[in-house]
Every structure is written in structure tokens, then in C-alpha cells.
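Colleague: Numbering (this note's numbering), first residue to last: 9 to 334. This is the structure I want to talk about, given as C-alpha cells.
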Amino acid sequence: MKGNIGDVRKFTSAAKGFARNKPIIILKPANLMDSGEHSLTHVGNMVGNDAVYNAVFRRIGVVRVKEASDLFNVAGALYTRRLPAGPRLLVITNVDGVGIIATNTLIALGGEPAELSDETIRKLNEILPARWNAGNPVDVFREAEVERFSQTAKLCLNDPLVDGLLIIYTPLGAAKPDELARAVIDIEASSRKPVIATYLGGKDLIEGRDMLCRKNIPVYETPEEAVRTYLYMYNYKRNLELLYETPGELSVDKAPPKNNLKAFVRRAIKEGCLMLSEEQSRRFLNTYGIPALTTRVARNLDEAVTAANEIGYPVVLKIASPDIIY
């Protein structure tokens, strides 16, 4: 998606209708190539176009991605229709360093590394070497056979503090990729929580990846891809909840008074104004309880400096004129 949405009302209405039955993914990268001076001074950038798009997409059940690779990854993951209940992802790996990359990425993107319950840690102590760190990521170590992977994964999925599971496999250990893939298929079938995988390696892992794909289990080549996709899955679930959420009714006694607003709208029309001034627009917003930027009207340099000091820096200077829209 490039540029702006034409008819916003038609777009949101159509998107809401489709999103109830089919996932909608929009590839909308941030525009970092806007012309320098125009980008810094244009009034649209005061509110942040990206923030506006994100708010609209969230409200209509759409998930937004910013990279082409994520578009395909998220499409494949949403096809499974098994969405995480929360952002708490647990990572299991046979190489600790790769697991740390995954949890670091999770934190950087606003996710939450799952913390295991004491009961789960106690059970894991019985099957993992004493040197394991009792935290997330869970390192099953290179010597781990498929059985250790499987037991660890099932225990973690049963933990109520875990919303989803990422299994990271590298071919450096004892487990064979195709054997582990069969185990992951069984693990995924035994739980209602999403299970995703990273097979970190080359052509020797192709068969294992294909086995997972045939069972609609998302599998990725890097832990970063897997973590990003998991969070997109979670965001999509939250967006769907917003889509079905009905705003509460505003009681009559709390409804904002409209008579004074009608009066100055009529006056503006009578005076031939086709657009409300910024001050009038802000009055509308405040009346309906909608937050707006703090603004002061300054008629000379001293008033401008005083207003800036009262508001706090940084500030933006604009011309208040009926002949200039923005």
C-alpha cells in the first residue's frame, strides 16, 4: 500500500466486513523519503501519519506489516487460525545463544518473554541437566535427543503463564531434523496454544521444514522472523477483539451541549467561511472530550516566547490566518 487512503469511510467499512471472515494484512512501510523541509513543517506530521494509520488498522481488524518478507510470513501463520492469547512467548532451543537472540528480539519489539511457574521449573529439573538456567530461553543443550525436546515443550505448553511456544533447532546437536519435525507435529496437535519453529541451517533441514509446512506449522529460517510473526499474530487477535467491541452508549446527562456549537457553525456559514478555524475546531474537540494539542495564539514575539515557555519545548510555529489552511 503506497500513499494515502482515498475514501477513508469506504475503506474502513469494506475492511471491517472482510476482516470478520478473512485475515487482512496490509504492507504499509513507513515513508522515510519524504522531502526534508516539507516533511518537517507539514501539519500532518505534527500528529504522526504512522500513528493515525496504526490506530485505524487496529480498530478495523487489520494487521499491518512493514516488510515484504513479513507479509508472506504472517499470511502463512494466520492461515493456521491458532492465535496466541497473549504476548508471553517461551523459547526452547538446543543452542543457548540463538535462544537469547530470540528473547532479545521479543523484548525489543514489545513482546514479553514468558516466565515459567515454579511447578513447571520443578518438573523441568527432573528432565534437564542441572546446569540449565531455569529461565527463558529454555536450553535443552546440544546433546538433547528428540525426547528431551518433546518432554520440555509439552511441560512448557501446559504452563498457564505461557501463551505460545517457539522451538529453535540447530543441526549441531544430537536430534535429527526430520525426527524433531515429527515430534513438533505431535506437540502442536496436543495443545491449543500456537507452536512455531525455527530451523536454523541449510539444505539438510529442508525435509524437516517441509514436514512442518505440510501440517501448517509456521517454520522460519531465523529466530527474528519467528518472533516478529508471533507478535503480528498476537496483534491480529487484539485487533479482532477491537473489531467486535461495541462502544458504550453515552448517557444523556453526560452528552456535551451542542447549542453553542451550532450557533458559531451557523455564524461561520453566514459569514461565508468554508472551514472552521483551528481555534473553533479545537473547541469542538474539547467539547466532546477529545484530547487536542495545547495551542496558544501569539500576536507578537514576546507573546510567542511566553506561550512557548508555558507549553514547554519543543514547540511548532504556525500562521493563524483564514486564508491559509495549514
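For every residue, glycine included, the Cβ atom is placed at its ideal position computed from N, Cα and C. Please read these numbers as outputs of a predicted model, since none were measured by experiment.
Touching or not, the segment 194-204 and the segment 156-173, by the rule of three or more beta carbon pairs under 8 Å?
Modeller: yes
Colleague: Output needed for residue 283: all residues of its chain with C-beta closer than 6 Å, excluding positions within five of it in sequence on either side, in chain order.
Modeller: none
Colleague: What three-state label does DSSP hand residue 167 in the structure shown?
Modeller: coil
Colleague: Measuring straight from C-alpha to C-alpha, what distance separates residue 152 and residue 182?
Modeller: Approximately 6 Å between the Cα atoms of the pair.
Colleague: For residue 188, which residues does DSSP report across the bridge?
Modeller: The partner list for residue 188 (beta bridge, DSSP) is empty, contrary to what the question assumes.
Colleague: Below 8 Å CB to CB, which residues in the same chain sit around residue 219 once its five sequence neighbours on both sides are set aside?
Modeller: 186, 189, 190, 193
Colleague: Which of the three DSSP states, helix, strand or coil, is assigned to residue 17?
Modeller: If DSSP states are grouped into helix, strand and coil, residue 17 belongs with the helices.
Colleague: Would you check if the segment 169-176 and the segment 104-117 touch, i.e. whether three or more CB-CB distances between them fall below 8 Å?
Modeller: yes
Colleague: Is the separation between the beta-carbon of residue 169 and that of residue 144 shorter than 8 Å?
Modeller: no
Colleague: Pick from 199, 314, 329: whose alpha carbon is nearest that of residue 92?
Modeller: 199
Colleague: So, for residue 149: in the same chain, excluding its five sequence neighbours on each side, which residues have a beta-carbon less than 7 Å away from its beta-carbon?
Modeller: 102, 137
Colleague: Can you give me the start and stop residues for the alpha helix (DSSP H) that residue 235 sits inside?
Modeller: 231-252
Colleague: Mind checking residue 26: buried by the 16 CB within 10 Å criterion, or exposed?
Modeller: exposed
Colleague: Which residues in the same chain have their Cβ closer than 8 Å to the Cβ of residue 246, if we skip the five residues on either side of it in sequence?
Modeller: Excluding residues within five positions, the ones whose Cβ falls inside 8 Å are 66.
Colleague: So the beta strand (DSSP E) residue 101 belongs to, where does it begin and stop?
Modeller: 96-101
Colleague: Quick check: the Cα distance between residue 77 and residue 33, rounded to an integer number of angstroms?
Modeller: 12 Å
Colleague: When the distance is taken between beta carbons, is residue 60 closer than 8 Å to residue 357?
Modeller: Past the edges of the chain, shown from 9 to 334, lies residue 357, and the structure says nothing about it.
Colleague: Which one of 90, 71, 69, 29 has the shortest CA to CA distance from residue 224?
Modeller: 90
Colleague: Using DSSP bridges, identify the partner residues of residue 173.
Modeller: 98, 203
Colleague: Suppose contacts are defined by Cβ-Cβ distances below 8 Å. Is residue 119 in contact with residue 239 by that definition?
Modeller: yes
Colleague: By the DSSP assignment, the beta strand (DSSP E) with residue 33 in it spans what residues?
Modeller: Unbroken beta strand (DSSP E) run through residue 33: 32-35.
Colleague: Is the Cβ-Cβ distance between residue 306 and residue 300 less than 8 Å?
Modeller: Taking a C-beta distance under 8 Å as the contact criterion, residue 306 and residue 300 do not qualify as a contact pair.
Colleague: What are the boundary residues of the alpha helix (DSSP H) that includes residue 313?
Modeller: 309-319
Colleague: Based on the DSSP secondary-structure assignment, which residues constitute the bridge partners of residue 286?
Modeller: Per DSSP, none; premise fails for residue 286.
Colleague: Taking the straight line between their C-alpha atoms, what separation do you get for residue 315 and residue 57?
Modeller: 26 Å
Colleague: Let me make sure I understand the geometry here. Which of 302, 237, 291 has the alpha-carbon closest to that of residue 114?
Modeller: 237
Colleague: Can you pull the DSSP bridge partners for residue 179?
Modeller: Its beta-bridge partners do not exist; DSSP assigns none.
Colleague: Report yes if the CB atom of residue 94 is closer than 8 Å to the CB atom of residue 252, and no otherwise.
Modeller: no
Colleague: In whole angstroms, what separates the C-alpha of residue 203 from that of residue 172?
Modeller: 6 Å
Colleague: Assign residue 82 to one of three DSSP states: helix, strand, or coil.
Modeller: helix
Colleague: Enumerate in chain order the residues of its own chain whose CB-to-CB distance from residue 43 is below 8 Å, with the five nearest sequence positions on each side excluded.
Modeller: Confidence at residue 43 is low in this model, with a pLDDT of 45, below 50, so the placement of that residue should be treated as unreliable; the coordinate-derived value is given next. Excluding sequence neighbours, residue 43 sits near nothing in its chain.
Colleague: I'd like the list of long-range same chain contacts for residue 31, defined as Cβ closer than 6 Å, with 5 residues on each side in sequence excluded.
Modeller: Spatial neighbours of residue 31 in its own chain (CB-CB distance under 6 Å, excluding positions within 5 residues in sequence) are listed in chain order as 86.
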